[in-house]
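S.K.: Numbers in the working numbering are just positions in the sequence shown, counted from 1, shifted up by 910.
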Amino acid sequence: MSNLPPSDAAQAFLDRPHQLLIDGEWVIGAGRAIAVENPARGDTIATVQAASLAQLDDAVTAARGALHGGWGRMSGRDRGVVLARFADLLDSENDLIGEVMTLDNGSPLVSSKMVVQHLAAELFRYYAGWATKIAGESFQPSLGARSHLDFLVATVREPVGVVGAIVPWNAPPGMIALKMAPALAAGCTMVLKTAELAPLVGELFARLWSQAGGPPGAFNLIHGHGEDIGAAMAAHPGIDKIAFTGSTAVGRKIVAAACGNLKKVSLELGGKSPVIVFPDADLDAVIPAAAMACYLSTGQQCMAGSRLFLHADVHDRVAEGVASYARTLKVGDGLDPATVLGPLISARQKARVLEYIDIAKAEGAHPLLESAAIDGPGHFVGPALFTEVTPGMRIEQEEVFGPVLVAIRFTEEDELLQAVNGSPYGLSGSVWTRDIQRALRVAKQVDSGQVGVNVHAAMSPETPFGGNKQSGWGREFGRDGLDGYLKTKAISINLGPRP
């Protein structure tokens, strides 16, 4: 594996003190030290001080003050100006943010820069436009026995309040933007907790927030471990909503902790998404797309197409094609421009992926492409593909969060849909066929929040995204993503007797 050095700008950022942003002031965290590891090399590249519980309280207090002060009193137009300016700053700092993401979590540099420019920045531009378009409606109600009176009802859309955002490590710029942009556009204020495995991009966002003219307290940054600071956020009585992306297991804990003040909760959780291939599909397009649906980000993505359902007539050709394609994918340091698959995030995750590979073989799955740990520093595991997988196997049911793809053979549509929907997850999926009637018929019956036709996990700022079943609550992106940060107030006005 290559051992490429960071750029001078990235190294200068790594070497500086890493702080919290609370009420517009940079402060040293009073909690535990967090050693930030480069997963491609296994060495510590920075040390971040976590927040204490008292500093969490300070951040929530600051957000509450800004909700009723500087940010809350801003017009939608002025909020939109700040968010649009923030998007421009993300573009101008794309190289640095992308490189820090790669150093933080191992993602290939080209992918990291795309997340910044084509996801994060565009989300801020999209929601900047919504800031002036938040409106209720008015109507004359039917009032039954009181119909001799004339009423007008006006609804008002208001910010839900102080938002606690908890984001994962796999794509920090996009995950932060998905919470930050719609929440701030809606007029909410925010306390963001970064992922302890990849906290550095959050600090860059916080520094840009100040440059964009965001008022103190509207956006606050804290670091911390999930089991203490994350848990305290979920239970905090001063937080009105938790917006979380992460594992289903942690999502359950957040729901339980949020019961204290019945705060609103949105969850984007795990997935075991199907890629369904019918015999008439364009197989030359299917093979690379199916491979990258799973192996993109080394499989460390919630919408990974990790279950490949292949019609019996094309099973062998597609499976062999995907295996051959995967063998061409370079595994290495994300700073190497040739790298397609970076490292796994940690030694623990590497051990988990290797354990699932052993489970697959113990269950009787056939390793058409058998992966293994790669020698040298860093947490590298190559892509794996198993055939002879049947519904109900652990490798078919459980989220691995690594470059492990399983192929399931099918013949009949009813049999297929029963297996596809037999998963506890329902986040994403795709159907590959030239028959548009079949594509729509099957897509409508797949129990997922998003289904692509001849494309997997097509995402845009306008397109709602989120999970069914154990893949989460609520939606992100689009108008639906904004609605999650708004509440509706109905004002009934007595106009007097009907004329």
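Even glycine gets a Cβ: it sits at the ideal position worked out from N, Cα and C.
What is the rounded straight-line gap between the Cα of R1408 and the Cα of P1083?
M.R.: Roughly 56 Å between the two C-alpha positions.
S.K.: If you draw a straight line from the alpha carbon of A969 to that of G1377, how long is it in whole angstroms?
M.R.: Going from the Cα of A969 to the Cα of G1377 covers about 30 Å.
S.K.: With DSSP collapsed to three states, give me the class of S1381.
M.R.: Residue state, collapsed to three classes: coil.
S.K.: Starting from K1271, trace the alpha helix (DSSP H) in both directions and tell me its first and last residue.
M.R.: Here the alpha helix (DSSP H) through K1271 covers A1257 to E1273.
S.K.: Less than 7 Å between C-beta atoms, sequence neighbours within five positions excluded: which residues of the same chain meet that for L1062?
M.R.: Once the five neighbours on either side are set aside, the close Cβ partners of L1062 are S1048, Q1050, I1403 and L1405.
S.K.: Quick one: grab the DSSP three-state call for R942.
M.R.: The answer is coil: DSSP assigns R942 none of H, G, I, E or B.
S.K.: Where does the unbroken beta strand (DSSP E) through A1400 begin, and where does it stop?
M.R.: Start and end: L1396 to P1407.
S.K.: Apart from the five residues on each side of it in sequence, which residues of its chain come closer than 6 Å, Cβ to Cβ, to L1327?
M.R.: Q1355.
S.K.: Put Q1211 into one of helix, strand or coil per three-state DSSP.
M.R.: Coil at Q1211, not helix or strand.
S.K.: Going by alpha carbons, who is nearest to N1015 out of S962, A960, S1002 and T954?
M.R.: Closest by alpha carbon: T954.
S.K.: Quick check: what's the CA-CA separation for R1344 versus A1191?
M.R.: Whole-angstrom Cα-Cα distance: 6 Å.
S.K.: How long is the line joining the alpha carbons of A1353 and G1388, rounded to whole angstroms?
M.R.: Near 21 Å, if we compare the C-alpha coordinates of G1388 and A1353.
S.K.: Out of curiosity, what's the CA-to-CA distance linking H1133 and P1189?
M.R.: Rounded to the nearest angstrom, the two C-alpha atoms are 50 Å apart.
S.K.: Distance check for K1173 and D1138, CA to CA, integer angstroms please.
M.R.: Their backbone Cα atoms lie some 19 Å apart in a straight line.
S.K.: Out of V1330, V1026 and M1085, which has the shortest C-alpha to C-alpha gap to L1006?
M.R.: Selected option, being the one with the closest Cα: V1026.
S.K.: Nearest-angstrom Cα distance between M1100 and H1058?
M.R.: Each residue's alpha carbon lies about 46 Å from the other.
S.K.: Buried or exposed for G941, please, with buried defined as at least 16 other CB atoms from any protein chain shown within 10 angstroms of its CB.
M.R.: With 16 or more other Cβ atoms within 10 Å, it is buried.
S.K.: Hey, would you say H1431 sits closer than 9 Å to T1300, going by beta carbons?
M.R.: Outside the shown range of the chain, which is 911 to 1409, sits residue 1431, and nothing can be said about it.
S.K.: Thinking C-alpha only, which one of G934, N948, I938 and I932 is nearest Q921?
M.R.: For the residues G934, N948, I938 and I932, the minimum Cα distance to Q921 belongs to N948.
S.K.: Cβ of G1140 within 9 Å of Cβ of V1160?
M.R.: Closer than 9 Å, so yes.
S.K.: Am I right that L1251 and L1239 are in contact with their C-beta atoms under 8 Å? What's the rounded C-beta distance?
M.R.: Contact holds; Cβ gap of about 5 Å.
S.K.: For Q929 versus E1106, is the C-beta distance shorter than 9 Å?
M.R.: Going by C-beta atoms, Q929 is not nearer than 9 Å to E1106.
S.K.: Counting beta carbon pairs with one atom in the segment 989-1002 and one in the segment 1118-1133, are three or more of them shorter than 8 Å?
M.R.: The segment 1118-1133 vs the segment 989-1002: in contact.
S.K.: Counting C-beta neighbours from all protein chains within 10 Å, is the total for P915 16 or more, i.e. buried, or is it exposed?
M.R.: The residue is exposed, with fewer than 16 neighbouring Cβ atoms inside 10 Å.
S.K.: Taking all protein chains shown into account, decide if T1208 is buried (16 or more other Cβ within 10 angstroms of its Cβ) or exposed.
M.R.: It is buried - the Cβ of T1208 has at least 16 other Cβ atoms within 10 Å.
S.K.: Who are the near neighbours of L1110 in its chain, counting only those whose CB is closer than 6 Å to its CB and skipping five residues on each side?
M.R.: So the list reads V1010 and D1014, once near-sequence residues are dropped.
S.K.: Which of the three DSSP states, helix, strand or coil, is assigned to T971?
M.R.: Helix.
S.K.: Assuming A1095 contacts A1041 under a Cβ cut-off of 8 Å, what Cβ separation, rounded to an integer in Å, is found between them?
M.R.: Yes, A1095 and A1041 are in contact; Cβ-Cβ is about 4 Å, under 8 Å.
S.K.: Out of A972, R1227 and E1386, which has the shortest C-alpha to C-alpha gap to G1359?
M.R.: It is E1386 whose Cα lies nearest to the Cα of G1359.
S.K.: Let me confirm a value: R987 is counted as buried when at least 16 other C-beta atoms fall within 10 Å, else exposed. Which label applies?
M.R.: Counting Cβ neighbours within 10 Å, R987 comes out exposed, since fewer than 16 surround it.
S.K.: Going by other Cβ atoms of all chains shown within 10 Å of its Cβ, with 16 needed for buried, is G982 buried or exposed?
M.R.: Buried, because 16 or more other Cβ atoms sit within 10 Å of the Cβ of G982.
S.K.: Between the beta-carbon of A1195 and the beta-carbon of L931, is there less than 9 Å?
M.R.: No. Outside cutoff.
S.K.: To the nearest angstrom, report how far apart S1021 and C1212 are at their CA atoms.
M.R.: Going from the Cα of S1021 to the Cα of C1212 covers about 16 Å.
S.K.: Tell me whether E1306 is buried or exposed, calling it buried when 16 or more other Cβ atoms sit within 10 Å of its Cβ.
M.R.: Buried, by the Cβ-count rule.
S.K.: Specify, as a first and last residue, the run of the alpha helix (DSSP H) that K1103 falls within.
M.R.: Run containing K1103: none in the alpha helix (DSSP H); it sits in the beta strand (DSSP E), T1099 to K1103.
S.K.: Is it the case that the Cβ atoms of A1294 and L1315 are separated by a distance below 9 Å?
M.R.: Contact: yes.
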